[in-house]
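Colleague: Mind looking over this structure? Questions follow.
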Amino acid sequence: MFPVNTWYVAASSDELKDKPLGRTICNQRMAFYRGKDQQVHAVEDFCPHRGAPLSLGFVSDGKLVCGYHGLEMGCDGKTIAMPGQRVKGFPAIGTYAAVERYGFIWVWPGDQDKADPALIPEMEWHDNPEWAYGGGLYHVKADYRLMVDNLMDLTHETYVHATSIGQPEIDETPCRTTVEGDAVVTSRFMSDIPAPPFWKAALRAKGLADDVPVDRWQICRFTPPSHVMIEAGVAHAGHGGYEAPAEHKVYSVVVDFITPETDTSMWYFWGMARKFKPEDATLTDQIREGQGKIFAEDLEMLERQQANLSAHPTRALLKLNIDAGGVQSRRIIDRLVSQEQAASQQQETTA
Amino acid sequence: MFPVNTWYVAASSDELKDKPLGRTICNQRMAFYRGKDQQVHAVEDFCPHRGAPLSLGFVSDGKLVCGYHGLEMGCDGKTIAMPGQRVKGFPAIGTYAAVERYGFIWVWPGDQDKADPALIPEMEWHDNPEWAYGGGLYHVKADYRLMVDNLMDLTHETYVHATSIGQPEIDETPCRTTVEGDAVVTSRFMSDIPAPPFWKAALRAKGLADDVPVDRWQICRFTPPSHVMIEAGVAHAGHGGYEAPAEHKVYSVVVDFITPETDTSMWYFWGMARKFKPEDATLTDQIREGQGKIFAEDLEMLERQQANLSAHPTRALLKLNIDAGGVQSRRIIDRLVSQEQAASQQQETTA
Amino acid sequence: MFPVNTWYVAASSDELKDKPLGRTICNQRMAFYRGKDQQVHAVEDFCPHRGAPLSLGFVSDGKLVCGYHGLEMGCDGKTIAMPGQRVKGFPAIGTYAAVERYGFIWVWPGDQDKADPALIPEMEWHDNPEWAYGGGLYHVKADYRLMVDNLMDLTHETYVHATSIGQPEIDETPCRTTVEGDAVVTSRFMSDIPAPPFWKAALRAKGLADDVPVDRWQICRFTPPSHVMIEAGVAHAGHGGYEAPAEHKVYSVVVDFITPETDTSMWYFWGMARKFKPEDATLTDQIREGQGKIFAEDLEMLERQQANLSAHPTRALLKLNIDAGGVQSRRIIDRLVSQEQAASQQQETTA
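Here the protein sequences come in this chain order: A, B and C.
Using this note's numbering, read the first sequence as starting at 1 and increasing by one per residue.
Using this note's numbering, read the second sequence as starting at 1001 and increasing by one per residue.
Using this note's numbering, read the third sequence as starting at 2001 and increasing by one per residue.
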């Protein structure tokens, strides 16, 4: 269950080069490609001629060409040409609004007349010399909401990520969840604790002592449809924690774009934007590698959890205080889906 | 959807040696084996004792022996013997008419009393010193009719086989489709064009210049249930094209036997019979290898096309002039299936 | 179809060390672990918090800890603790009686109040200096009853195991099946025959001549739910066969515990207890390796047989005299299942 009148990340910019890219988003198979001036387009991955996947084709002079019989598809879903054929009567295929921003391809799977690029959220860290960004993509065979739950409740770090970012103090420190309109924020502030291995390394990378007590913060922010940004960092204790001056802290934002592929699988775009040593590309690579390993630790858990839930579809789960972030996020998702369904029924009635 | 009162190619002769061979043809699991004097037989791959697959057994003194408990099966589906048992009351299993011809095992999956070996089509090239033949087998997860479409519309060569047999002139030259009884012929004649790489190599192999303009022809002939023979070749331009004397041309027949395994998978026997340098076994191997690579280029396209069609079962496809060969061939298939269904209903009514 | 109010072997003791073990038994996913004093427990593999598999967690101080958010599960299915939570209202999860005996973990998947460890069968060979035991585990994608059939009719050895324990004399010698309460015994005694390779090696291992005629016996004993113990051995001919004094024979028991995983898959625990050279650990390893290879020969046959039966679910199979062991065993299984169903319906009626 997912809203469709919203922007999802479909791919990173790096994934889409000269060749088209086929990908299923929200149960819809799409073909992405770069047209003139590298502009990104998305159409149904279904050639109107004989149903071949357009993503197996190629791009010629800005047009998507079917790799089976050479039909040239326009970004408006209308066939432009086909060798030896008049194409005027060819049925159009569906198109999807697609926008490239922040190094990602964003797509709007629902009503295309509602797609407004202004609704794509702002990302402060993009194209900003104070920040550096690195990230990756995982395909996970689980409902995308299990990943929202995961990221909006970081007590799991103590168990799943015990050797990197987990520490008992996370469990021991209560978190606080608030809802602000369509956003949900779950935050936890830990004081005067040892830094876990990942943050020790970050302190060292910035040239700060890693063997002194720190204050640590985690501020998880969910926004629809399923983006989770986590402000995460540590400061040498006694300098103001989250509010400490830059020279006493390492500060970053964990960036998570979670996109439903099907009802029980997702594309998980993860990354980290950091506000320290942004010019250090080697550090960016090191962090990406480290984060990739850490986030891979969640995958088996989520896929096996999904298998359990699929086998017991009606079994009730608990909603504890630590789950408030996920529970509130799902409530917003549910409301958006209900609104879409109501609007779609009304449309049918008045039509 | 496929007719069953017809001969299909089930295997190449090479595939069936001392051991039985289990294969599903038209949704029926069959065990093929060689009895006395190497004669080929086909029975249900189901031991009447406990349902073990007979194809896991062995052949002893011309009899198929179940590898589980030693039941000896006759080519008439009746149990011959079983250690320590009286077998008179054993239920018979189904048998299939099977004939070895042209280096292939042919099988008749439908009403066995209708199976007439005289209905197996003639193959001029077999056992003929003027011809050489080489080929192979691919298993493809797609409806067999998608391969018929593919072979009856060679404009796809321009796109799928761009580096070997494809060339823009195919696209640019109209084809002509005619129906003669149960046969469909789609032909295309190109004049005064450069030879594509595959045919350049063929010209060289015959000792002909490969850098001069050629006339090229493709005459695709569908006959039921799903055989497609393609006369294909090139002649030095100005010598009469298809009708040119042998010394100015390289002439071959692409041989395609397409056999349904299930509703969405097929056995695809492909090969080439050529009428030049038939004694050159090395050339036969080279052509087989080249053709195998070219025909493998179609497989992903067809399997992904099948996935698209399975996901959108009711979506209409276009029927263009280039599709006429496939469309007409499917019309004949449809008629044969309808006739079989009508005959079978009538039989039930009169019974 | 399987009875559930009975003990099944779920794992060998070796499989369950420090980490929990997740396994499906009779369609139920269970988490096995060792608590205090290494005692074995089994609970549903479903954390009551969010449905994570408990088997992905760890054991701490005798308690099973969920690897996702640290919930501590007790062996009674009640949550003991969870960081920062009151757990009193947490719903309990199911538990399964589990007992470690004879080097195996036994589990009772049905009504837990009926689970009585005294019902676990006696195994004479365990912890007995006169005996040695070695074995292994195979996962087989077939109904567990196909393995019961297999083991209660050893004529298949002639075909499936022709190079090790098979010999024509098995086929030629009639077997005898008797039913004693819930047990079925199928026995075959062969006199004055050559020993097959496996038994030749066993004779040599004991220092006995392997090139003289032997008497050979096979006494297969089925007991519910699906244990098959096979007394198997050979004696130098003329010394009394099965009754021969120990110095003239090699005597062993093939131990088979067959546990349904799902309706069409099983866990097959196989092994051999032998009463000769029990102190020779190298011999134990050699026999385990040899037996493992022999028993692996059955797997493809059973899995392909299952595929055939799944494709033809209503087709009748034969029940010959050689099948009497399997047929009688299935009759007992059927009766036990019927009794359980009747009891469960009565319970519903009176409730």
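Note that CB positions come from ideal geometry on N, CA and C, so glycine has one too.
Remember, it's a predicted structure, so these values are computed and weren't measured experimentally.
Can you have a look at C/Thr-2282 and say buried or exposed, based on whether 16 or more other CB atoms are within 10 angstroms of its CB?
Modeller: As a first step, residue 2282 of chain C must be located in the third sequence, where it is residue number 282. Exposed.
Colleague: So, using beta-carbon positions, are B/Pro-1260 and B/Ala-1237 closer together than 9 Å?
Modeller: The residue given as residue 1260 of chain B occupies position 260 in the second sequence. The residue given as residue 1237 of chain B occupies position 237 in the second sequence. The answer is no: Cβ separation not under 9 Å.
Colleague: Please report the residue range of the alpha helix (DSSP H) in which B/Ile-1287 lies.
Modeller: The residue given as residue 1287 of chain B occupies position 287 in the second sequence. Element bounds for B/Ile-1287: 1281-1311.
Colleague: Does C/Thr-2350 come out as helix, strand or coil in the three-state DSSP assignment?
Modeller: Looking up residue 2350 of chain C in the third sequence gives position 350. Helix at C/Thr-2350.
Colleague: Less than 9 Å between CB atoms is the rule here; does A/Val-4 satisfy it with respect to chain B?
Modeller: To locate residue 4 of chain A, count along the first sequence from 1; it is residue 4. No - not a single Cβ of chain B is within 9 Å of the one on A/Val-4.
Colleague: Does any C-beta atom of chain B lie closer than 9 Å to the C-beta of C/Thr-2177?
Modeller: On the third sequence, position 177 is the one that residue 2177 of chain C refers to. False, the Cβ-Cβ gap to chain B never drops below 9 Å.
Colleague: Run through the segment 2180-2246 of chain C for me and flag every whole beta strand (DSSP E) of 3 or more residues, listed as ranges in chain order.
Modeller: Taking only runs of at least 3 residues, the beta strand (DSSP E) segments lying wholly in the segment 2180-2246 of chain C are 2183-2193, 2214-2223 and 2227-2236.
Colleague: Quick one: which residues of the segment 1022-1053 of chain B get their C-beta closer than 9 Å to a C-beta of chain C? List them in chain order.
Modeller: Those would be Gly-1022, Arg-1029, Asp-1045, Phe-1046, Cys-1047, Pro-1048, His-1049, Arg-1050, Gly-1051, Ala-1052 and Pro-1053, in chain order.
Colleague: Does DSSP put A/Val-327 in a helix, in a strand, or in coil?
Modeller: On the first sequence, position 327 is the one that residue 327 of chain A refers to. A/Val-327 falls in the helix class under three-state DSSP.
Colleague: For the pair the segment 118-133 of chain A and the segment 47-65 of chain A, tell me if three or more CB-CB distances fall below 8 Å.
Modeller: No, the segment 118-133 of chain A does not touch the segment 47-65 of chain A.
Colleague: Compare the C-beta of C/Met-2001 with all C-beta atoms of chain B and state if any pair is closer than 9 Å.
Modeller: Reading the third sequence from its first residue, position 1 is the one you call residue 2001 of chain C. No, no contact with chain B.
Colleague: For the segment 2092-2101 of chain C against the segment 2042-2050 of chain C, do three or more pairs of beta-carbon atoms, one drawn from each stretch, fall closer than 8 Å, so that the two count as touching?
Modeller: Yes, the segment 2092-2101 of chain C touches the segment 2042-2050 of chain C.
Colleague: Which class does A/Ser-12 belong to by DSSP, given the choice of helix, strand or coil?
Modeller: Sequence index remark: in the first sequence, residue 12 of chain A carries index 12 (1-based). In this structure, A/Ser-12 counts as strand in the three-state DSSP scheme.
Colleague: Any Cβ of chain A within less than 9 Å of the Cβ of C/Gln-2328?
Modeller: Start at 1 with the first residue of the third sequence, and residue 2328 of chain C comes out as number 328. Taking Cβ atoms only, chain A never reaches closer than 9 Å to C/Gln-2328, which makes this a no.
Colleague: State yes or no: is the C-beta of C/Gly-2077 within less than 9 Å of the C-beta of A/Gln-305?
Modeller: Counting from one through the third sequence, the residue named residue 2077 of chain C turns up at place 77. Counting from one through the first sequence, the residue named residue 305 of chain A turns up at place 305. Cβ atoms of C/Gly-2077 and A/Gln-305: not closer than 9 Å.
Colleague: So what does DSSP say about B/Val-1140, is it helix, strand or coil?
Modeller: Here residue 1140 of chain B refers to the residue found at position 140 of the second sequence. DSSP places B/Val-1140 in strand when its eight states are reduced to three.
Colleague: At 7 Å on the CB atoms, spell out the chain E contacts of C/Gln-2085, in chain order.
Modeller: Although the question refers to chain E, the structure presented lacks it and instead comprises the protein chains A, B and C.
Colleague: Under 7 Å Cβ to Cβ from C/Leu-2016, same chain only, skipping five residues before and after it: list those, please.
Modeller: Indexing the third sequence from 1 puts residue 2016 of chain C at position 16. Excluding positions up to five away in sequence, the list reads Phe-2032, Arg-2034, Val-2040 and Ile-2105.
Colleague: Just the chain C side, please: which residues come within less than 8 Å of A/Val-160 by C-beta, in chain order?
Modeller: To locate residue 160 of chain A, count along the first sequence from 1; it is residue 160. In chain order: Gly-2067 and Tyr-2068.
Colleague: Identify the residues that DSSP records as bridge partners of B/Ile-1170: which are they?
Modeller: Here the question's residue 1170 of chain B lines up with position 170 in the second sequence. None; B/Ile-1170 has no bridge partner.
Colleague: Can you list the residues of chain C that A/Asn-308 reaches, using a CB-CB cut of under 8 Å?
Modeller: Taking the first residue of the first sequence as position 1, residue 308 of chain A is located at position 308. The answer, in chain order, is Arg-2029, Asp-2045, Phe-2046, Gly-2051, Ala-2052 and Pro-2053.
Colleague: Less than 9 Å between the C-beta atoms of B/Leu-1299 and B/Tyr-1138, yes or no?
Modeller: Along the second sequence, read from residue 1 onward, the residue named residue 1299 of chain B stands at position 299. Along the second sequence, read from residue 1 onward, the residue named residue 1138 of chain B stands at position 138. Yes, the Cβ-Cβ distance between B/Leu-1299 and B/Tyr-1138 is below 9 Å.
Colleague: Is it the case that the Cβ atoms of A/Trp-108 and A/Val-255 are separated by a distance below 9 Å?
Modeller: Looking up residue 108 of chain A in the first sequence gives position 108. Looking up residue 255 of chain A in the first sequence gives position 255. It is not a contact, given that the beta carbons lie outside the stated cut-off.
Colleague: Along the chain, which unbroken stretches of the alpha helix (DSSP H) at least 4 residues long are found entirely within the segment 91-151 of chain A?
Modeller: Runs found: 144-151.
Colleague: Does any CB atom of chain B fall closer than 9 Å to the CB of A/Gly-94?
Modeller: If you number the first sequence from 1, residue 94 of chain A lands on position 94. Taking Cβ atoms only, chain B never reaches closer than 9 Å to A/Gly-94, which makes this a no.
Colleague: Output the boundary residues of the beta strand (DSSP E) element that contains C/Thr-2158.
Modeller: Along the third sequence, read from residue 1 onward, the residue named residue 2158 of chain C stands at position 158. Premise fails: C/Thr-2158 lies in the alpha helix (DSSP H), 2157-2160, not in any beta strand (DSSP E).
Colleague: Along the chain, where does the beta strand (DSSP E) containing B/Asp-1018 start, and where does it finish?
Modeller: Translated into positions along the second sequence, residue 1018 of chain B becomes position 18. Taken as a continuous stretch (DSSP letters only), B/Asp-1018 belongs to no beta strand (DSSP E), as it is neither H nor E.
Colleague: Please list, in chain order, all residues of the same chain as C/Val-2337 whose beta carbon is under 6 Å from its beta carbon, the five residues on each side excluded.
Modeller: Reading the third sequence from its first residue, position 337 is the one you call residue 2337 of chain C. Only Met-2001 and Pro-2003 meet the Cβ criterion.
Colleague: Looking at the unbroken beta strand (DSSP E) that takes in A/Tyr-272, where does it start and where does it end?
Modeller: Your numbering for residue 272 of chain A matches position 272 in the first sequence. One detail in the question is off: residue 272 of chain A reads as Met in this sequence, not Tyr. A/Met-272 -> beta strand (DSSP E) spans 265-274.
Colleague: Looking only at C-alpha atoms, which of A/Gln-339, A/Asn-308 and A/Val-228 sits nearest to A/Val-9?
Modeller: Position 9 of the first sequence holds residue 9 of chain A. For the residues A/Gln-339, A/Asn-308 and A/Val-228, the minimum Cα distance to A/Val-9 belongs to A/Val-228.
Colleague: Can you name the start and end residues of the beta strand (DSSP E) that B/Lys-1063 belongs to?
Modeller: Position 63 of the second sequence, counted from the first residue, corresponds to residue 1063 of chain B. Taken as a continuous stretch (DSSP letters only), the beta strand (DSSP E) holding B/Lys-1063 covers 1063-1065.
Colleague: For C/Pro-2260, report the span of its beta strand (DSSP E) as first-last.
Modeller: As a working mapping, residue 2260 of chain C is identified with position 260 in the third sequence. Counting along the chain, the beta strand (DSSP E) containing C/Pro-2260 begins and ends at 2249-2262.
Colleague: Is it the case that the Cβ atoms of A/Asp-211 and A/Lys-200 are separated by a distance below 9 Å?
Modeller: Here residue 211 of chain A is taken as the residue at index 211 of the first sequence, counted from 1. Here residue 200 of chain A is taken as the residue at index 200 of the first sequence, counted from 1. It is a contact, given that the beta carbons lie within the stated cut-off.
Colleague: Going by beta-carbon coordinates alone, are B/Arg-1330 and B/Arg-1145 separated by less than 9 Å?
Modeller: In the second sequence, the residue the question calls residue 1330 of chain B occupies position 330. In the second sequence, the residue the question calls residue 1145 of chain B occupies position 145. Contact flag set, yes.
Colleague: By how many angstroms is the C-alpha of A/Met-147 removed from the C-alpha of A/Pro-48?
Modeller: Residue mapping note: residue 48 of chain A aligns to position 48 of the first sequence, counting from 1. Residue mapping note: residue 147 of chain A aligns to position 147 of the first sequence, counting from 1. Going from the Cα of A/Pro-48 to the Cα of A/Met-147 covers about 36 Å.
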